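Visitor: Take the sequence shown: its position 202, counting from 1, is numbered 202 in my numbering, and each next residue is one higher.
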Amino acid sequence: MQLISCANSIALLLGPLIIVIYSSKIREMFKWKAFLKTFLIFVATTLIKMIFSITVDQFVDNESFNFAQGLAAFVESVMDEAGIGFAIQKGTGTESRVWTTGWTWSLCFCLFVRLFPVFVEANRPEFKIDSVIHAIHGSTEILTYTSLSLALWMLMLPWPYIAVGLLTAQFVLFYYINDRQIRRHKNPDTPDLVQYVMTDEEYKSTNEQLVKNKTYAQKTSIIGLVIQIFMILSKIYPKIYYIAGDIITKYIGANAAPFWQTSLFFILQTLLEEVISLPFSLYHVFVHAKDSEFNKTSGAQFFKDLIFNFVLGIVMGIPMYLGLFWVLDQHFGGDYYWLYGFAFFTGFTIIMQVLYPLFIMPFVNKFTPLKQIDSDVFDKVNQFCEKLGFKTDNIVVMDTSKRDSHSNAMMMDSFGVRRIILFDSLLTLAGIDTKAKDNKFQEKIETKQLDQNKKQDNNDGEQQKPLFDQQNENQKENKEEIVEIIEQKEPERRPAVISVDNICAVLAHEIGHQKHRHIYQLLISILSQVLFFFWLFSVFAKSPIFPYIYGFVDKDGNTDKEYRQILAVLLGIMGIAIPLGQFMSPLWAWVTRHFEVVADEYAKNNGQDLGTALVILFQQNLKDLNPDPLYSFFYDNHPPLRDRLKALNWKGDASLVQKRSDMRKLMKEIEEKEQKEIQRKKDEQKRK
């Protein structure tokens, strides 16, 4: 081995010297280039003559040996025979070293025409030289035969079928991963962790529900793939675009700006997607999840959310897409225009990050200050957050229970918006009836306002008392009112399975994310993906691949210079590239799992019993206790509960299972009493 290494070192040192000494000899060797070229041309023309029955004179001009013009004649003859109208400018592509790759690509193209006539017939546009030049260079500059042959080869591939094949292959892979998860849930073995979270019967029931959900998701994914394939092969998107154009022409005029047609296209596309998904959503909420204890969505709430999401998508989507179209179409920055598009998208995202929690979320959910529900809990939570350096009085309770009964807490601290949000179902676990207390508090505020109005009216009619006596009476009345309100605000206690300390442990985990800047790191990772897709857009911006996939091509093989090309590429990025980007999901899942481990460590280092809080939340939310490793690797953005408890050195508490069972029984009794009371009041109103 040492001898070989020594020989290699000598060769590396003496190699350049030998080349310099014998450079003249090496130059003489290149005199064989003409002979080698002639020999290769002879072999190639012989093969082509055998395959295509074309004379040598059609391929090579023997007198001038002008390979480029011979190649042009050959390509034209094959394309004429295939019924494809095409014209090639003669005399181009004669620069050195072009003929080798040009001949290779042209031969591949002609072979494809002969071997796959069905695909050629199905995807046969009338190619124009200007459209091919525009597809490659975006201008009318002279093409080399290399780029021209490559363009022909790329244009004649059955891109719709290739896209369908890629999407199907991706679907098969993830179907297999989900099927592994289903088989995992059907395994009758019970992990040791179950004894601390739920009973064996509950574990079995949970797995049955998970199998039911995954099976339903598998079936809907098959239907979704079929619909997507139908949309591509049936050229639905161009039809929607042309319908939008007819509507704009009728009501605005033929000279209307293209972005009006594009705007209406996105409205119609969104409406079509909502109509297609509506039956599946209805079935999922009111049939599939009807018996689920988590599903609390009423019919009125469902349609209210449906209309709100549609309107929100229109209001937010159209300005974003139109602005993005304008930025990309103007080509700011020359070849780096896609960076300006990315900057516009990033700015829009940051603005929405600020506006969404302040102006949009209140339309989706009701937020009640925690101080109005339970001042003692508010003081304890507020003091705990200040102790960890997270100062805010904006601690609110969100009424998530009107849609489902999952429990959690979250925190917002980005771009000047700082807020702690507790799910009302989480406070219910702590024994606080948030709905009942909130109603009483609102009624008391209204009563107090009426009393103040009456006093004001009485004072207007009475003779004014001495100032000192009036101040004493007002102070006495105010004290009585304050005492009365505090007594009214005393929360109604219910069976509790979680303590305020456990809630603080959950908040410590969330504050850990804030302390380690996970919110901004996650935003950067998301924007890095967005940046990649904008770069991908620049790669395909002049390519006819996506227009051919979706059918945005006229009979001459052309796409609009402005909106149709951009529209097709954006549809391709969103409908094909991003779904195929799921192969990168394990990387982002690993990043978020790492963030969760760091946040857990922060809560542990601040003396919080996060393990007990996690077990209680898993009890309430019936999460998966035994996920398949491959499924978890691809999908889970949180580590499995077993790994988290092990990292927290949680010793285990089997009494939590019994506490949960007792609380569920008591809560069921209370809910039955409340339902009876509600029904009694309704009956009384009917009798009146």
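Positions of the beta carbon are idealized from the N, C-alpha and C atoms, including for glycine.
Bear in mind the structure is a predicted one, so any value in this text is a computation, not a measurement.
The beta strand (DSSP E) that contains residue 367, what's its start and end?
Guide: Residue 367 -> beta strand (DSSP E) spans 367-369.
Visitor: Tell me whether residue 303 sits in a helix, a strand or coil according to DSSP, three-state version.
Guide: The answer is helix: DSSP assigns residue 303 an H, G or I state.
Visitor: Can you list, in chain order, the residues of its chain with a C-beta nearer than 6 Å to that of residue 348? Leave out the 5 residues immediately preceding and following it.
Guide: Taken in chain order, the residues that qualify are 320.
Visitor: What do you get for residue 168, buried or exposed, if any count of 16 or more other CB atoms within 10 angstroms of its CB means buried?
Guide: Exposed, since its Cβ has fewer than 16 Cβ neighbours within 10 Å.
Visitor: Helix, strand or coil: which one does DSSP assign to residue 663?
Guide: DSSP places residue 663 in helix when its eight states are reduced to three.
Visitor: Kindly identify the DSSP beta-bridge partner or partners of residue 704.
Guide: Nothing in the structure corresponds to residue 704, since the chain is present only between 1 and 688.
Visitor: With DSSP collapsed to three states, give me the class of residue 198.
Guide: Residue 198 falls in the coil class under three-state DSSP.
Visitor: Can you tell me which of 653, 300, 338 and 220 puts its alpha carbon nearest to the alpha carbon of residue 283?
Guide: It is 220.
Visitor: Determine the closest residue to residue 616 out of 549, 519, 496 and 267, with distance taken between C-alpha atoms.
Guide: Considering only alpha carbons, the answer is 496.
Visitor: Starting from residue 597, trace the alpha helix (DSSP H) in both directions and tell me its first and last residue.
Guide: Taken as a continuous stretch (DSSP letters only), the alpha helix (DSSP H) holding residue 597 covers 585-605.
Visitor: Starting from residue 395, trace the beta strand (DSSP E) both ways and give me its first and last residue.
Guide: Residue 395 -> beta strand (DSSP E) spans 395-398.
Visitor: Buried or exposed: residue 163, going by 16 or more other Cβ atoms within 10 Å of its Cβ?
Guide: That one is buried.
Visitor: Would residue 583 be called buried (16 or more neighbouring beta carbons within 10 Å of its own) or exposed?
Guide: Exposed, by the Cβ-count rule.
Visitor: Can you determine whether any heavy atom of the ligand ZN sits closer than 8 Å to the C-beta of residue 568, and answer yes or no?
Guide: Absence of the ligand ZN is noted for the structure shown, with no ligands found whatsoever.
Visitor: Applying the 10 Å Cβ sphere with the 16-neighbour rule, what's the burial state of residue 263?
Guide: When all chains shown are included, residue 263 counts as buried.
Visitor: Would the beta-carbon of residue 424 fall within 9 Å of that of residue 296?
Guide: Not closer than 9 Å, so no.
Visitor: Near residue 411, what residues of its chain come up, given a Cβ to Cβ distance below 6 Å and the 5 sequence neighbours on each side ignored?
Guide: Within the same chain, residue 411 has close Cβ partners 420 and 510.
Visitor: Beta carbon of residue 648, beta carbon of residue 618: below 9 Å?
Guide: No; because the gap between Cβ atoms is not below 9 Å, this pair is not in contact.
Visitor: Measure the alpha-carbon distance for residue 288 versus residue 400 and round it to whole angstroms.
Guide: Each residue's alpha carbon lies about 20 Å from the other.
Visitor: Below 6 Å CB to CB, which residues in the same chain sit around residue 675 once its five sequence neighbours on both sides are set aside?
Guide: Excluding positions up to five away in sequence, the list is empty.
Visitor: Look up residue 260 in the DSSP assignment and say whether it is helix, strand or coil.
Guide: In this structure, residue 260 counts as helix in the three-state DSSP scheme.
Visitor: Would the region 627-640 count as touching the region 170-182 if we require 3 or more Cβ pairs under 8 Å?
Guide: Enough Cβ pairs lie closer than 8 Å, so yes.
Visitor: Rank 514, 569, 365 and 545 by C-alpha distance to the C-alpha of residue 304 and give the top, closest one.
Guide: Considering only alpha carbons, the answer is 365.
Visitor: Determine contact between the region 348-362 and the region 541-555, defined as no fewer than three beta-carbon pairs at a distance below 8 Å.
Guide: Short answer: they don't touch.
Visitor: In whole angstroms, give me the CA-to-CA distance for residue 309 and residue 267.
Guide: Computed Cα separation, rounded: 13 Å.
Visitor: Excluding the 5 residues preceding and the 5 following residue 549 in the sequence, name in chain order all residues of the same chain whose CB lies nearer than 7 Å to its CB.
Guide: The residues are 159, 160, 163, 232 and 572.
Visitor: Helix, strand or coil for residue 539? Go by DSSP, reduced to three states.
Guide: Of the three classes helix, strand and coil, the one that applies to residue 539 here is helix, per DSSP.
Visitor: Starting from residue 357 and walking both ways along the alpha helix (DSSP H), at which residues does that stretch end?
Guide: No alpha helix (DSSP H) contains residue 357, which DSSP labels as neither H nor E.
Visitor: Tell me whether residue 590 is buried or exposed, calling it buried when 16 or more other Cβ atoms sit within 10 Å of its Cβ.
Guide: By the neighbour-count rule (16 or more Cβ atoms within 10 Å), residue 590 is not buried but exposed.
Visitor: When burial is assigned at 16 or more other CB atoms within 10 Å of the CB, is residue 196 buried or exposed?
Guide: Burial call: buried.
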